[in-house]
Amino acid sequence: MAFKENFLWGGAVAAHQLEGGWNKGGKGPNVADVMTAGAHGVPREITDGVIEGQYYPNHEAIDFYGRYKEDIALFAEMGFKCFRTSISWARIFPNGDELEPNEEGLQFYDDMFDELLKHGIEPVITLSHFEMPYHLAKEYGGWRSRKVIDFFVRYATTVMERYKDKVKYWMTFNEINNQKNTANPLFSWTCSGVRFKEGENREEVMYQAVHHELVASALVVKAGRAINPDFEIGCMIAFVPIYPFSCNPDDMMLQVESMHDRWFFADVHCRGHYSSYALKEWERKGYDIKMEPEDAQILAEGTVDYIGLSYYMSDAVKSGVNEETGNKIVGSSASVKNPHVKASDWGWQIDPVGLRYSLNLLYERYELQLFIVENGFGAIDVKEEDGTCNDDYRIDYLRAHIQEMEKAIELDGVDLMGYTPWGCIDLVSFTTGEMKKRYGFIFVDRDNEGNGTLTRSKKKSFDWYKQVIATNGEQL
Ligand code: BG6
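Take the sequence shown: its letters are residues 55 to 530, numbered as in the working numbering.
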């Protein structure tokens, strides 16, 4: 059997994409609450505060806030061993810079974690999944400001103390590397609460904000270990491996350089210092990234226990190509379509083998446990007249990826902790704000405009995944 006995099968979501209740229980607005709905090729708008008459899909989302018991019962029916979600920072510290937390927000997560544990489901918690309090973004410029380190550490240690006997698995920043793509305002906003100003060097601003986050992450890892030595605290990287388009040495070298965008973040999280290519880049470009004398030691002492990764697709780069793509999630200007793989309706290249490749790259480089905390197929699902939803394409996608995970374990010896497919229940898409880009095993009756009863129903993939878990991956 490829998967270990205690393999963490489950599902993943993020608070802002499913909770709703955006102004309930004392919660303050966060950066996701000012993002309108977009579509494939139509960017989400980031508004200056919440504007009357605008539609903000995350405000209601799928009302997990009001319905979590029903949803968790469905996860339990599928046999989930774990459930990955995030804590909404603005539920705990509504503005982010208060000294005392909001008890009602803390109680919500207490109740929700109790419900999970009642069903034998282990919570896996991301501390920051694209939703810092709006006030911090507006008044401090988000992670541009070093002061935010203290606010984050206060928030993180508050929840780690509170839930120290309920939550063992933590991650600091979700897909921290998305913001490497500075051409798309969505990424700097959601990763760091940063909006670029006219004329400033975006990349330098990004690196400064990231430095603050990496220091904060390291401080939280260290503080977390003191709170409960049994905690496992990881980072979270959007892992889109980059292939050379051909064996042309120029393509190969371009691939090596492009992969620095992926390694930059994981290197600091896992090795505790900036890599040589990063320092050289800053020197070459004349960047002045402000650091305090103690930062080097903080980074060295706060390395992670495991690597959480999302894997949806691969990318390919070709030398001589320099189109300004900007709006792509992968964000390399030399990216080209890979003729050997197909893509989803949203242009995400479907490449299960790329998952085994990624697991190999990461494991060989760091020799740390890996946890696939996102993977999945966003598609337009059709509800048949009899109420069923035959999402065979989703089953095919997931099956093919699980088979590659098996090979990575059995043939390559990768130490894989678990697998939590993204959006185990339909939720609001991050990049587009749509509901029609669905990932779930559970269908939620809600459309792009916010119409629908929010009723939950099982898709065909529900029973399929239940059987995968019941047989520990034997029956796919
Ligand atoms: C990852 C994020 O980028 O991919 C999730 O961590 C996101 O928040 C997921 O939802 C899928 O992206 P999308 O745009 O299809 O929702």
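Ideal placement from N, C-alpha and C gives every residue a C-beta, glycine not left out.
Ordered along the chain, which non-local residues of its own chain (more than five positions away) have a Cβ less than 6 Å from that of residue i?
| i | result |
| --- | --- |
| Ile449 | Ser515 and Trp518 |
| Tyr223 | Val178 and Glu286 |
| Met26 | Only positions 55 to 530 of the chain appear in the structure, and residue 26 is not among them; the question remains open. |
| Pro295 | Ser368, Gly408, Tyr411 and Ser412 |
| Glu355 | Lys276 |
| Lys437 | Cys443 |
| Pro298 | Asp305, Met306 and Gln309 |
| Ser373 | Asp304, Asp305 and Leu308 |
So who's on the other strand from residue i, going by DSSP bridges?
| i | result |
| --- | --- |
| Ser483 | Note: Ser483 sits in no beta bridge, so no partner. |
| Gln423 | Tyr360 |
| Lys78 | Lys78 is not bridged to any residue. |
| Tyr473 | Trp63 and Ile426 |
| Asn84 | Pro187 |
| Thr180 | Ser140 and Met225 |
| Lys396 | Ile404 |
| Ala539 | In the structure as shown, the chain starts at 55 and stops at 530, and residue 539 therefore has no counterpart that could be examined. |
| Arg492 | Ala433 |
| Arg510 | Val498 |
Among the residues of its own chain, which have a CB less than 8 Å from the CB of residue i, if the five just before and after it don't count?
| i | result |
| --- | --- |
| Gln403 | Met367, Ser368, Asp369, Lys391, Asn392, Val395, Lys396 and Ala397 |
| Gly430 | Tyr366, Arg448, Tyr451, Leu452, Pro475, Trp476, Gly477 and Tyr493 |
| Ile343 | Glu258, Tyr261, Gln262, His265 and Trp336 |
| Gly441 | Ser511 |
| Pro207 | It is Val, not Pro, that sits at residue 207 in the sequence shown. Around Val207: Ala270, Leu273, Val274 and Ala277. |
| Gly539 | In the structure as shown, the chain begins at 55 and stops at 530. Residue 539 is therefore absent and cannot be evaluated. |
| Leu508 | Ile116, Asp117, Arg121, Val498, Asp499 and Arg500 |
| Arg316 | Asn231, Ile291, Phe293, Val294, Pro295 and Ile296 |
| Asn255 | Tyr341 |
| Asp164 | Arg216, Tyr217 and Lys220 |
| Ile456 | Tyr473, Val522, Gly527 and Leu530 |
Go ahead and pull the three-state DSSP assignment for residue i.
| i | result |
| --- | --- |
| Pro406 | helix |
| Gly380 | Only weak support exists for where Gly380 lies, its pLDDT of 42 falling under 50; the coordinates are left without a value. |
| Met186 | coil |
| Phe497 | strand |
| Pro111 | helix |
| Met367 | coil |
| Ala68 | coil |
| Met459 | helix |
| Ser389 | strand |
| Ala354 | helix |
| Ala454 | helix |
| Gly196 | helix |
| Met166 | helix |
| Ser515 | helix |
| Ile287 | strand |
| Ala56 | coil |
| Asn505 | coil |
| Glu157 | helix |
| Asn414 | helix |
| Arg465 | Note on residue identity: the sequence assigns Leu, not Arg, to residue 465. Coil, per DSSP. |
| Ile105 | coil |
| Leu531 | Nothing about residue 531 can be read from this structure; the chain reaches only from 55 to 530. |
| Ile175 | coil |
| Val375 | coil |
| Asp440 | coil |
| Asp445 | coil |
| Asp151 | coil |
With a threshold of 7 Å on Cβ separation, who are the neighbours of residue i within its own chain once the five nearest residues in sequence on each side are excluded?
| i | result |
| --- | --- |
| Met55 | Asn526 and Glu528 |
| Ala93 | Thr486 and Glu488 |
| Val375 | Ala388 and Val390 |
| Arg145 | Gly79, Lys81, Asn156, Gly159 and Phe162 |
| Ala565 | For the chain, the structure presents residues 55 to 530; residue 565 sits outside this window and is missing. |
| Tyr194 | Lys201 and Val202 |
| Leu481 | Val67, Gln71, Leu72, Ala115 and Ile116 |
| Gly247 | Val85, Met186, Leu190, Ala191, Gly196 and Trp197 |
| Ala130 | His173 and Ile175 |
| Met132 | Phe495, Phe516, Tyr519, Lys520 and Ile523 |
Consider the C-beta atom of residue i and the heavy atoms of the ligand ATP; say whether any pair is separated by less than 8 Å.
| i | result |
| --- | --- |
| Tyr366 | In terms of ligand content, the structure shown lacks the ligand ATP and carries the ligand BG6 instead. |
Minimum length 3: unbroken beta strand (DSSP E) runs contained in the stretch 198 to 282: Within the stretch 198 to 282, the complete beta strand (DSSP E) runs of at least 3 residues are 223 to 227.
Runs of beta strand (DSSP E) lying entirely within the stretch 293 to 346, each at least 3 residues, in chain order: Correct list: 296 to 298.
Contained beta strand (DSSP E) runs [length at least 3] in the stretch 117 to 148, N- to C-terminal order: For the stretch 117 to 148, whole beta strand (DSSP E) runs of length 3 or above, ordered along the chain, are 136 to 140.
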